[in-house]
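Chemist: The structure is given below, and queries will be raised subsequently.
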Amino acid sequence: MLSLKDIKKDYVVGDSTVSALKGVSIDFRENEFVSILGPSGCGKTTLLNIIGGLDRYTSGDLNINGKSTKDFKDCDWDSYRNHSIGFVFQSYNLIPHQTVLSNVELALTLSGVSKSERRERAVKALEQVGLGDQLHKKPNQMSGGQMQRVAIARALVNEPDILLADEPTGALDTETSVQIMELLKSISKDKLIIMVTHNPELAMKYSSRIIKLLDGKVIDDSDPLDKNVVEPIKKPEKEPTKADKKAAKKERKKLKTSMSFLTALSLSRNNLMTKKARTLLTSFAGSIGIIGIALILSISNGVQLYIDQVQSDTLSSYPLQITKTTASIGEIMNTMAKNHEDSANHDKDKVYSQNAMGEMINTLMEETKVNNLEKFKKYLDDNSDLKDLTSDVQYTYATTLNVFTESDSGVMQVNPSTLLEDMGYMSSTQMEAMSMSGSMGGMGTDVWSEMIDNEELIDKQYDVIAGRLPEKYNEVVLVVDKNNEINDYVLYSLGLLDPSSLNGIVRRAMAGEDISVDSKQHVYTYDELLDLKFKVVPTPDFYKKKDGVWEDMTGDESYMKKAVANGTEISVVGILRPDEDASSASISGAIGYRHDLMTYLIDEVDNSEIVKEQIANPDIDVFTGLKFKTDENAADTDSSSETVSDSTADTESKADETADSSDTDKKAGLVAGDSSMEIPEGMTEEQYKALMEQSGASDTGELADMGMNAMGSMDMSAIQGGDMSSLTETQKKYIASLSDEQLELMKQMLKEQSDTNADQLANSGKYSTSNYDNNMKTLGYSVVEDPDSINIYPVDFASKEKIIDIIDDYNDSVGEEDKIEYTDYVGLMMSSITSIINAIGYVLIAFVAISLVVSSIMIGIITYISVLERTKEIGILRSIGASKRDISRVFNAETVIVGFVAGALGIIISYLLTIPINMIIAHLTDVPIRASIPVSAAVILIAISVCLTLIAGLFPSRVAAKKDPVIALRTE
């Protein structure tokens, strides 16, 4: 029946190899009670695990009913454990969140037994061990002896041929041990029982055969089968026929184990119910993005407020700004207005369509470009007239100013500020965008801002009420308002008030908790504020080299304390208050620093070891050690990309049929990733790249997504495939109104997105997902001669016009590729209020959508924690025959449940919030806005939540599936 032939098992530990079994050969009878004795470490449990199919032998052979297991696959071992083996463990190994009956039934669910038969056989097995009246108890409600009986019932329920018992009485008292041994002895009349024990008395009393092991070898066998000599297995007289092979294959398929998704859902649901509070909080966190998108969709047409007028001295807050990637918004508006006037050349006896969206896309492509700021900076530095026309010319860089404070409780990040994120108000991505907004003259989240390098203007706008203006790079000033007050947001951000008291306050408030915020007025002396100290830490100092790659250490509290302690100390040397007559102020934050602090920081970053290593190795990602993907190595993955892209071939071919031959060539170039493909008419390659950056999209796929969001429920596959049957009449008319060029652009974007997704799948893990430029940006690398943006502060409106003339003169003197486009904030606010407000709405939706993805990743992390918590359960499931796929299915089911609850919770909360929102809108405005969420949108948002959490849980589920069952069973 069961025969071991020269079984050896070696473990590699470091540089050495440990032999656990050294040529063990044993033959077993079909029904006998075998006890294996030996000291700890002699190989008893290893032998048991190999017999049970939990572990694999290094050499030798394990024969089952005369069949060798040398060629067994994972599915064969799973079936063997499920149908032929029953395990009884010392620590019982019952799943704690399942009832006694469910624990016993579990092995039958993997065998595909019907529900009624499962129940009947499980009850019978429990009655056989004397627990027929304990069916619905949980394991923690039972004694040790009762739990061991449940384990025996679970081992017997599938009617296995072999029962393996690993120290079954090791955790029991003497009386209970005798009961368990009597039970095992009675079972051994019909089955082979192999027991590992340290108790020779029990072995002698109850076993029919005792085998002793020492140092991985059999040293004694009290009743060997034919004195351990087995006749050789006779070879079959003839080769098996095709019919025999087909029958054998059918039998294997019948015995194959598989867990249904409903069973996986049941296991995961019971596990989540044991952690109700954590599950609810996790679901609520995941629902925040859903709530945000639902509310923005419901009130997106309610924003109609903006600034009425701008006075001349606000130019100090709204400069002429030139960024690396920009577009002449004024030209865009003028072009669109002209096109609209031209299109209005018709009679008014009918209603005509207006191609506003197509015109907007075409105009944006034409007007977007990349500025050569390095060359323009040199021109400005050499221009002697500019000094008299400007208050300051400010150069900004992508280098992040990381500011911290130190206290007894640890270090706190002051800049970039994370206060709103900690409160639960917005995500880190939104915080970054808000900070960028502040740097461009808007209301940012950071309280640190660069001062204008014009002491005369600062003297006009501010009064120095204590101390002095900064004179060195490591000196800053604190700005109070006209009433000598500091906003409490600033106090929390700077650590003057405890920011930890606000952690999660928004989420808690939305959950209906009673929230108390420190509302008393705090008073500070000038000396106390002038004693404030901060530390500036360059971004490269956040990384530490380990095993040849650089690791982000921001999560290591001890490391961060040392990094901050070694940072550059910054002192507050003055306190400023806005002058009574000033209508505007040039310092947007509460802390103003000099420009030379940024140049000092840039120098520190540029001379850091990690930056130097990345510059020296431009083809290697210093964070992962992987190569960056380039045009040269892209060909290596073409075959993989083609394989993954097959699923989109039909749709693409349909789209190809609707275009002419030249358009087909363009799209084929896009699919192949040909960087030399023809750019849409009217655009250069630089303009095409600039369009992506200007729109906030990293590639055409993302821009296509943004377009799809803008067009609501339209089925974009209909556009790509040429099948318009799923569109509404209104949507069909809209498609019909587009020009061939506009329709082709839309198809091209969708195709680009499909190819990008396929390319990422094909190259996963082979090349770095980042690139050289992104890494340098992450590290804060900048070159002083090549700024990220230029802010020109005119003295007055007349000076602004002269500065524009200087820019025009520069543009006339250079080639087309070096011409400069700038943004006139004051001009924009006067002429494009509606456009900006609409853009804000789109940006808010994008931000909230990002937060939804971030929350899904958080759920993935929680799922990974669940994997760690349920490691023993993984081992138990594998021991009763669950496959790796079954284990993945269990954790995928858990993420589906969490995603559904998060989505449903988000929609319910959003529906409730629309009630007070409608009341407030009705009370404050006369605009007839009634916020409501369409049912279809609610269903789609829930589906999105489920899909995102399922995707986020794929990695943890794969980790769970790969766990070694032997190691998993040892986990406590």
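Position one of the sequence shown corresponds to residue 492 (the working numbering), numbered consecutively onward. In this text, a Cβ means the ideal position worked out from N, Cα and C, and glycines have one as well.
Which value, in whole angstroms, describes the spacing of the CA atoms of valine 1040 and phenylalanine 1119?
Modeler: By one-based count along the sequence shown, residue 1040 stands at place 549. By one-based count along the sequence shown, residue 1119 stands at place 628. For valine 1040 and phenylalanine 1119, the distance between alpha carbons rounds to 14 Å.
Chemist: Which value, in whole angstroms, describes the spacing of the CA atoms of threonine 1030 and threonine 773?
Modeler: On the sequence shown, position 539 is the one that residue 1030 refers to. On the sequence shown, position 282 is the one that residue 773 refers to. Roughly 31 Å separates the two Cα atoms.
Chemist: If we count the other Cβ atoms within 10 Å of its Cβ and call it buried at 16 or more, is methionine 934 buried or exposed?
Modeler: As a position in the sequence shown, residue 934 is number 443, starting the count at 1. Low confidence applies to methionine 934: its pLDDT is 43, below 50, so where it sits in the model is not reliable, and the reading given next is rough at best. Its Cβ having fewer than 16 others within 10 Å, methionine 934 is exposed.
Chemist: May I ask you to list the residues that DSSP assigns as paired with serine 1259?
Modeler: Indexing the sequence shown from 1 puts residue 1259 at position 768. Note: serine 1259 sits in a beta bridge opposite Phe1119.
Chemist: Would you call the segment 1447 to 1455 and the segment 1369 to 1383 touching, i.e. three or more CB-CB distances under 8 Å?
Modeler: A contact exists between the segment 1447 to 1455 and the segment 1369 to 1383.
Chemist: Please report the Cβ distance between valine 1426 and valine 1358, rounded to the nearest whole angstrom; I am assuming they are in contact, meaning their Cβ atoms lie under 8 Å.
Modeler: Against the sequence shown, residue 1426 aligns to sequence position 935. Against the sequence shown, residue 1358 aligns to sequence position 867. Contact doesn't hold; Cβ gap of about 36 Å is too wide.
Chemist: Can you tell me which residues form a DSSP beta bridge with alanine 1451?
Modeler: Stepping through the sequence shown from its first residue, residue 1451 is reached at position 960. The partner list for alanine 1451 (beta bridge, DSSP) is empty, contrary to what the question assumes.
Chemist: Taking its Cβ as the centre, do 16 or more other Cβ atoms sit within 10 Å of valine 1113, making it buried, or is it exposed?
Modeler: Translated into the one-based positions of the sequence shown, residue 1113 becomes position 622. Flag for valine 1113 reads buried.
Chemist: Can you grab the Cα-Cα spacing for the pair serine 559 / alanine 662, in whole Å?
Modeler: Start at 1 with the first residue of the sequence shown, and residue 559 comes out as number 68. Start at 1 with the first residue of the sequence shown, and residue 662 comes out as number 171. So the two alpha carbons sit approximately 36 Å from each other.
Chemist: Would you say the segment 1397 to 1413 touches the segment 595 to 613, given that touching needs at least three Cβ pairs under 8 Å?
Modeler: With a cut-off of 8 Å, the segment 595 to 613 and the segment 1397 to 1413 do not count as touching, because too few Cβ pairs lie within range.
Chemist: Three-state secondary structure (DSSP) at proline 587?
Modeler: Taking the first residue of the sequence shown as 1, we reach residue 587 at position 96. Residue state, collapsed to three classes: coil.
Chemist: Assuming contact is defined by CB atoms lying nearer than 7 Å, are glutamate 1385 and serine 759 in contact in what I supplied?
Modeler: Along the sequence shown, read from residue 1 onward, the residue named residue 1385 stands at position 894. Along the sequence shown, read from residue 1 onward, the residue named residue 759 stands at position 268. Yes, they are a contact pair.
Chemist: Exposed or buried, which one is leucine 705 when buried takes at least 16 other CB atoms within 10 Å?
Modeler: Residue mapping note: residue 705 aligns to position 214 of the sequence shown, counting from 1. So leucine 705 ends up on the exposed side.
Chemist: DSSP state of phenylalanine 1382, grouped into three classes?
Modeler: Residue numbering aside, residue 1382 sits at position 891 when the sequence shown is read from its first letter. Three-state DSSP puts phenylalanine 1382 in a helix.
Chemist: Determine the extent of the beta strand (DSSP E) in which glutamate 865 is found, giving its start and end residues.
Modeler: To locate residue 865, count along the sequence shown from 1; it is residue 374. No beta strand (DSSP E) contains glutamate 865, which is instead part of the alpha helix (DSSP H) from 864 to 873.
Chemist: In terms of residues, what are the limits of the alpha helix (DSSP H) holding glycine 621?
Modeler: One-based indexing of the sequence shown puts residue 621 at position 130. Counting along the chain, glycine 621 falls outside any alpha helix (DSSP H), and DSSP gives it neither H nor E.
Chemist: Could you give the DSSP three-state label for glutamine 812: helix, strand or coil?
Modeler: Residue mapping note: residue 812 aligns to position 321 of the sequence shown, counting from 1. DSSP places glutamine 812 in strand when its eight states are reduced to three.
Chemist: To which residues of the same chain is tyrosine 886 closer than 7 Å at the C-beta, ignoring the five residues directly before and after it?
Modeler: As a first step, residue 886 must be located in the sequence shown, where it is residue number 395. Counting only Cβ-Cβ distances below 7 Å, and skipping sequence neighbours, we find Lys868, Pro1278 and Ile1281.
Chemist: What do you get for methionine 764, buried or exposed, if any count of 16 or more other CB atoms within 10 angstroms of its CB means buried?
Modeler: As a working mapping, residue 764 is identified with position 273 in the sequence shown. With fewer than 16 other Cβ atoms within 10 Å, it is exposed.
Chemist: Provide the residue(s) that pair with lysine 441 in DSSP beta bridges, ordered along the chain.
Modeler: No answer is possible for residue 441: it lies beyond the span of the chain, which begins at 492 and ends at 1463.
Chemist: Between which two residues does the beta strand (DSSP E) holding serine 679 run?
Modeler: Taking the sequence shown and counting its residues from 1, the one referred to as residue 679 is at position 188. Serine 679 -> no beta strand (DSSP E), and no H or E assigned at all.
Chemist: With the cut-off set at 7 Å, would you say tryptophan 568 and glycine 544 are in Cβ contact?
Modeler: Position 77 of the sequence shown, counted from the first residue, corresponds to residue 568. Position 53 of the sequence shown, counted from the first residue, corresponds to residue 544. Yes, these two residues count as a Cβ contact at 7 Å.
Chemist: Shortest alpha-carbon distance to isoleucine 643 belongs to which of Phe580, Gln1239, Val1339 and Asp1018?
Modeler: Residue numbering aside, residue 643 sits at position 152 when the sequence shown is read from its first letter. Considering only alpha carbons, the answer is Phe580.
Chemist: To the nearest whole angstrom, what separates the beta carbons of serine 882 and tyrosine 1284, a pair I think is in contact under 8 Å?
Modeler: Counting from 1 along the sequence shown, the entry for residue 882 is found at position 391. Counting from 1 along the sequence shown, the entry for residue 1284 is found at position 793. Indeed, because the Cβ distance is near 4 Å, the residues count as touching under 8 Å.
Chemist: By alpha-carbon positions, which one of Ile517, Glu1048, Lys1053 and Ser1062 ends up nearest to glutamate 1019?
Modeler: The residue given as residue 1019 occupies position 528 in the sequence shown. Here the closest residue by C-alpha is Ser1062.
Chemist: Provide the residue(s) that pair with tryptophan 568 in DSSP beta bridges, ordered along the chain.
Modeler: Your numbering for residue 568 matches position 77 in the sequence shown. According to DSSP, tryptophan 568 bridges with nothing at all.
Chemist: Decide if the segment 1077 to 1092 is in contact with the segment 944 to 957; the criterion is three or more beta carbon pairs, one per stretch, under 8 Å apart.
Modeler: Yes, since at least three Cβ pairs between the segment 1077 to 1092 and the segment 944 to 957 fall closer than 8 Å, the two stretches touch.
Chemist: With C-beta atoms as the reference, is phenylalanine 578 less than 7 Å away from isoleucine 684?
Modeler: Working through the sequence shown from its first residue, we reach residue 578 at position 87. Working through the sequence shown from its first residue, we reach residue 684 at position 193. Taking 7 Å as the Cβ cut-off, phenylalanine 578 and isoleucine 684 do not qualify as a contacting pair.
Chemist: State the DSSP-derived secondary structure class of glycine 1366, mapped to helix, strand or coil.
Modeler: Here the question's residue 1366 lines up with position 875 in the sequence shown. It is helical.
Chemist: Just the Cα atoms here: how many angstroms apart are valine 861 and lysine 815?
Modeler: For the purposes of this step, residue 861 is taken as the residue at position 370 of the sequence shown. For the purposes of this step, residue 815 is taken as the residue at position 324 of the sequence shown. Their Cα atoms are separated by approximately 6 Å.
Chemist: Do threonine 1269 and the ligand FMN come close, with the Cβ less than 6 Å from some heavy atom?
Modeler: Absent from the structure shown: the ligand FMN. Ligands present: none.
Chemist: Apart from the five residues just before and just after threonine 1045, which ones in its own chain have a Cβ nearer than 6 Å to its Cβ?
Modeler: Position 554 of the sequence shown, counting from 1, holds the residue named residue 1045. Result list for threonine 1045: Phe1033, in chain order.
Chemist: One question on the structure: do isoleucine 555 and tyrosine 548 come within less than 7 Å of each other, judged by their Cβ atoms?
Modeler: Locating residue 555 in the sequence shown gives position 64, where the first residue counts as 1. Locating residue 548 in the sequence shown gives position 57, where the first residue counts as 1. No. Outside cutoff.
Chemist: Pull up the distance between the alpha-carbon of isoleucine 671 and that of threonine 665, whole angstroms please.
Modeler: Mapped onto the sequence shown, residue 671 falls at position 180. Mapped onto the sequence shown, residue 665 falls at position 174. Distance between the alpha carbons of isoleucine 671 and threonine 665 is about 10 Å.
Chemist: As a quick exercise: from Asp1005, Leu1021, Asp972 and Tyr964, pick the residue whose alpha carbon is nearest that of leucine 987.
Modeler: Here the question's residue 987 lines up with position 496 in the sequence shown. The option with the nearest alpha carbon to leucine 987 is Leu1021.
Chemist: Restricting to Cα atoms, I'd like to know which of Val1064, Val709 and Gln904 is closest to isoleucine 956.
Modeler: As a first step, residue 956 is located in the sequence shown; it is residue number 465 there, counting from the start. Isoleucine 956 has its Cα closest to that of Val1064, out of Val1064, Val709 and Gln904.
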